[in-house]
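For reference, the structure is listed below as structure tokens.
Number of protein chains: 2
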Amino acid sequence: MSLIPMRAFRMMLNRQCRIKYFRTLNYSNSNNEQGNENNRKNAFNSSHLLVSALISSVGYYFFVTGKKRFAVAEEAKTHVKNDIRTVAGQFRPDLPSYSMKEVSKHGTKENQVWVVYREGVYDITDFIEQHPGGEQIMIAAGSSVEPFWVLYGIHVNDHVFEVLETLRIGNLSKSDIVNVADVGDPYAKDPIRHSALKPANMKPFNAEISPALLCESFITPNELFYVRNHLPVPEINPHSYELELEVEGIDRTAVFSLDDLKKFPKATITATLMCAGNRRAEMKKVKTVKGLDWGPCAIGNATWSGVRLRDLLKQVGVTEDEEILKHVHFEGLDLDVTATQYAASIPIWKAVDRRGDVILAYEMNGVPIPPDHGYPIRVVVPGVAGARNVKWLGKIVVSEKESTSHWQQNDYKGFSPSIDYDNVDFSKAPSIQELPVISAICKPLEGEVVKVENGYINLKGYAWSGGGQQIIRVDLTLDEGKTWHIASLDAQDTALPPQHWAWTLWSAKLPVAPEFKEVEIWCKAVDSCYNTQPERFENIWNFRGVLSNAYHRVKIKLNQ
Amino acid sequence: MSLIPMRAFRMMLNRQCRIKYFRTLNYSNSNNEQGNENNRKNAFNSSHLLVSALISSVGYYFFVTGKKRFAVAEEAKTHVKNDIRTVAGQFRPDLPSYSMKEVSKHGTKENQVWVVYREGVYDITDFIEQHPGGEQIMIAAGSSVEPFWVLYGIHVNDHVFEVLETLRIGNLSKSDIVNVADVGDPYAKDPIRHSALKPANMKPFNAEISPALLCESFITPNELFYVRNHLPVPEINPHSYELELEVEGIDRTAVFSLDDLKKFPKATITATLMCAGNRRAEMKKVKTVKGLDWGPCAIGNATWSGVRLRDLLKQVGVTEDEEILKHVHFEGLDLDVTATQYAASIPIWKAVDRRGDVILAYEMNGVPIPPDHGYPIRVVVPGVAGARNVKWLGKIVVSEKESTSHWQQNDYKGFSPSIDYDNVDFSKAPSIQELPVISAICKPLEGEVVKVENGYINLKGYAWSGGGQQIIRVDLTLDEGKTWHIASLDAQDTALPPQHWAWTLWSAKLPVAPEFKEVEIWCKAVDSCYNTQPERFENIWNFRGVLSNAYHRVKIKLNQ
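Quick mapping for you: the protein sequence lines, in order, are chains A and B. Using full-length UniProt numbering, the first residue of the first sequence is number 1, and each one after it goes up by one. Using full-length UniProt numbering, the first residue of the second sequence is number 1, and each one after it goes up by one.
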């Protein structure tokens, strides 16, 4: 462990990150002078970067609501025929041509905001406020959207192209066109994944396994653990890896190598991690939401070993007896093209509390953390939404304020069903930390034909609650709540609340009347605070589709 | 503070208690030799006292379920005509007479269990297992039920008398009859209460104020704070008051006078206390439950000042660094006729944790705790069910096991809707500690005619969550969830979760369509773990009617 002046280290880190990314991506957005690195850098630096936050999670895309806007899109459809993906950005002889230099003059709202996609030039000025990712769209102002769309693959979507073409104003001069194939793929070095992981999105990679597989094991194997990446997986050399620790406003900074970290006492916890968007696909059926179509398997349970965060914080004088400042930030080493890293924060009490059990993990289920899960160090904040369990940890900052990152401030928050993108004020809701009680039926699956054996069907599933609460009961009904059955809790950790971090696996054998050809199974769990799940998605709907913990309902056909 | 041998103190305490109660009550149950105190004592000591627990909360009464038993009761009704209260226990010429001596021989199940009520003799052997209070009924075996019914006034109930008369086997010999008027009233010295407190039960006293009054003040005035007593209010002399502290199995015992306690640093918290049965009356509408008919006002918010429990525990070497044993018991000085005190326990972590904030309070809202609320010392276990906030605290025991008290083991637990008295196994459910999120509409009231002003109606209410969670949102709907409105959070404590112990008062001004003549308002709250309330009582129904936190629904008439 070595102490270095804070500011110097920070500058060094930022510089390294930027250089790395400018080397990886072969940008086509600044002008046509390829190979001129300085020009490319300048173009980026002048692109109104909102450095404090980053474009968006993969859930953000060019989705447009409102009748008027849809009407325009419909009109565009007739223009561009059916194959929108091929047609979008193609030369249109009815429109004027502009040079890249001309486009680059339209980089502020005052001058209208233009962007380029393939051969197309678009005026997106009026669209900015409808962009789900908000002002972040401005990082492409006056240049090409293509490198960002490579980074956020969700934009490659028929609807996005339809909307885009409604904003078309011209063609890019032939001499300025760069083939998209020349643009480097920041995801090229992502690890190879197990084929059982079904991607909800490829770039960044987000995937879950099948429910039937998930409930087979109390400890989820690393290869089958859901992956929720916001950016490309960074390549980190464990020998040169360093973790920086800073206390804002106070001259207390420390840097730890991986070896330094391993010298601390090793702590192990069994903890379930879950994406706040788990089970989003069900909420989406009520009314559309923005975000990945997660099934019920954006959750997994593992043992995590590493350094206690509180032990590390003691090194800079932050303890539960001296709760300096109010939040602890975690900055990942996964970066976007603007060198902004993924980041999140948790309240100080969770970080210093002896019952908080926050671990800087270097092992997952007894082996080094795999690249997709944060190698070499990820924070495990048990009981708290996956988004705060920052992977590829590069820096910890003790601060008076919450992280200003996009994911802390403008994502991963819950809202009333009455709030949508039109009227949201993100500052009105607290960032999601501890998660509410949830459960799911993993066997059988929706629509499955289930063999009735001697009048019974067999069910399996999981239940979990955040905040260190234990599942005390899982209730099941086949008749919409007229009769409730109690599941058997088959696998549960021995840790007591409020430090019970692991999920519960359950099973049940339920009687079905011989005349039934199909039934709908409902499932709800109760935790050690006696909190239980809400019944229906209608009343907990939120436009980001997070906190989808209504009763799990699975309709099956009976073979009897 | 002085240290005395534990066993000696305990014996002394028990002796004092018993003597006190035998002096207060003028029993008529042992035999007809009134005034012979020794005989009375012996009768009690031989009455198969299950000293470990006590009859019941007032919620327990002779309620009987099952078609067969109802049929018998119906038959009994025709026998006893209409005025069951007058007729019950009256002489019946068709039945034989027994002396008290004969009755006293029937004090065990082997010899059949007989009891006396007025002039009636009853064989309750077959009823014992149906008694909601379970085996506790045996304390009256071979003697009279009357002193117990004086203690637990809920037994004085038409239905109880009806059931009782179905068990009638004879008359008590005329020479053994004692007028009930001779039985002393253990509640005679209960304090005089404010007339705004509407009793749900008189003996023991249980009362709440009106919702409209409740939501008027963030701090509930002491006189208006709900009262939930399980036994008579004990008279305690502050000068001779002593609090004993014991660590089970280890020779660490301490005794503190009130002055000793006041020498510790004074801590103050603002905390809401709520009975786990709050809002039971609503659950009861779905299907009957056992317990007091609480409205939504068995809740109140106060500032509590006193000694931190963790400071006291340090005196006997129990700290968060040395979590000796697993539970902390609290024994009240309120006693039943068997000298068993009200008692409950909490897990050790809550007692020693710096964020647990458990206070041995000697002040409530800046003045000495009133007699109804635990004078001179009550435990305030913030975020935890009222039942664990033991009043008139006499003793603290650090123990390996939970309290064995009736209220810890066989009451204040939550069950699935499929569980009833017929099939309950109390050991299957954890005792209620931290409470789930709840809310209520205090204005307007159910059925109220509300004046619509310029198209709007005004609402007020409260919301709260246990476990130190803060209310982050209150949602309201007038159209069964099609449209949700967000309430204004008007009054809230500044303490952060997980130490946010106080409730939130909210208000809203909601638009109503001019054509509506009546509306049903639904209310739900969301806490800082993003837990929310379940929708309907049907799916959270439990036979004790606790944890009644479904959406609050209030139907009103509109004057417009």
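All C-beta atoms in this analysis are idealised placements derived from N, C-alpha and C, irrespective of residue type, glycine included. Here the structure is a predicted model, which means the values were calculated and not measured.
Minimum Cβ-Cβ distance from residue i to chain A less than 9 Å
i                     : result
residue 535 (chain B) : yes
residue 135 (chain B) : no
residue 511 (chain B) : no
residue 304 (chain B) : no
residue 375 (chain B) : no
residue 524 (chain B) : yes
residue 237 (chain B) : no
residue 475 (chain B) : yes
CB contact check: residue i to chain B, cutoff 9 Å
i                     : result
residue 275 (chain A) : no
residue 434 (chain A) : yes
residue 555 (chain A) : no
residue 416 (chain A) : yes
residue 114 (chain A) : no
residue 547 (chain A) : yes
residue 503 (chain A) : no
residue 498 (chain A) : yes
residue 466 (chain A) : yes
residue 282 (chain A) : no
residue 490 (chain A) : no
residue 320 (chain A) : yes
Extent of the continuous beta strand (DSSP E) to which residue i belongs
i                     : result
residue 330 (chain B) : 327-335
residue 274 (chain B) : 266-274
residue 284 (chain A) : Note, residue 284 (chain A): premise wrong, no beta strand (DSSP E); alpha helix (DSSP H) at 280-286.
Neighbour list for residue i in chain B, Cβ cutoff strictly below 9 Å
i                     : result
residue 278 (chain A) : In chain order: nothing, as chain B lies at least about 13 Å away.
residue 481 (chain A) : 417, 536, 538, 539
residue 472 (chain A) : 414, 429, 430
Chain-ordered neighbours of residue i on chain A, where CB pairs are closer than 9 Å
i                     : result
residue 485 (chain B) : 416, 418
Unbroken alpha helix (DSSP H) run spanning residue i, endpoints
i                     : result
residue 161 (chain B) : 158-166
residue 568 (chain B) : Residue 568 (chain B) falls outside the range modelled here, since chain B spans only 1 to 560, and no answer is possible.
residue 100 (chain B) : 100-104
residue 262 (chain A) : 258-263
residue 310 (chain A) : 309-314
residue 338 (chain B) : Per DSSP, residue 338 (chain B) belongs to no alpha helix (DSSP H) and is neither H nor E.
Where residue i falls, given that 16 or more other Cβ within 10 Å makes a residue buried
i                     : result
residue 155 (chain A) : buried
residue 465 (chain B) : buried
residue 85 (chain A)  : exposed
residue 580 (chain A) : The question about residue 580 (chain A) has no answer, for chain A in this structure spans 1 to 560.
residue 250 (chain B) : exposed
residue 477 (chain A) : buried
residue 434 (chain B) : buried
residue 456 (chain A) : exposed
residue 343 (chain B) : buried
residue 415 (chain B) : buried
residue 164 (chain B) : buried
residue 142 (chain A) : buried
Proximal residues of chain A, C-beta to C-beta of residue i below 8 Å
i                     : result
residue 521 (chain B) : Those within 8 Å of residue 521 (chain B) in chain A number zero; the least Cβ separation is about 14 Å.
residue 294 (chain B) : Within chain A, no residue comes near residue 294 (chain B); the closest Cβ sits about 17 Å away, beyond 8 Å.
residue 184 (chain B) : Within 8 Å Cβ-Cβ: nothing; residue 184 (chain B) doesn't reach chain A, min ~40 Å.
residue 532 (chain B) : 436, 534, 540
residue 400 (chain B) : Per Cβ cutoff of 8 Å: no residues; residue 400 (chain B) is ~14 Å from chain A at best.
Chain-ordered chain E contacts of residue i [CB-CB under 9 Å]
i                     : result
residue 173 (chain B) : Checking the listed chains, one finds no chain E in this structure; the protein chains it contains are A and B.
Neighbour list for residue i in chain A, Cβ cutoff strictly below 7 Å
i                     : result
residue 528 (chain B) : 430
beta-carbon residue i near the ligand PLP non-hydrogen atom, thresh 8 Å
i                     : result
residue 443 (chain B) : Ligands are entirely absent from the displayed structure, and the ligand PLP is therefore not among its contents.
Checklist entry - Using a Cβ cut-off of 9 Å, which residues of the stretch 345-362 of chain A contact any Cβ in chain B, in chain order? => result Residues of the stretch 345-362 of chain A whose Cβ lies closer than 9 Å to any Cβ of chain B, in chain order: 347, 349, 350, 353, 354, 355.
Next on the checklist: At a CB distance below 9 Å, what residues from the stretch 433-454 of chain A approach chain B? Give them in sequence order.
Outcome noted: Those would be 433, 434, 435, 436, 437, in chain order.
Checklist entry - Looking at chain B, which residues of the stretch 77-111 of chain A have a Cβ within less than 9 Å of any of its Cβ atoms? => result For the stretch 77-111 of chain A, there are no residues whose beta carbon sits under 9 Å from a beta carbon of chain B.
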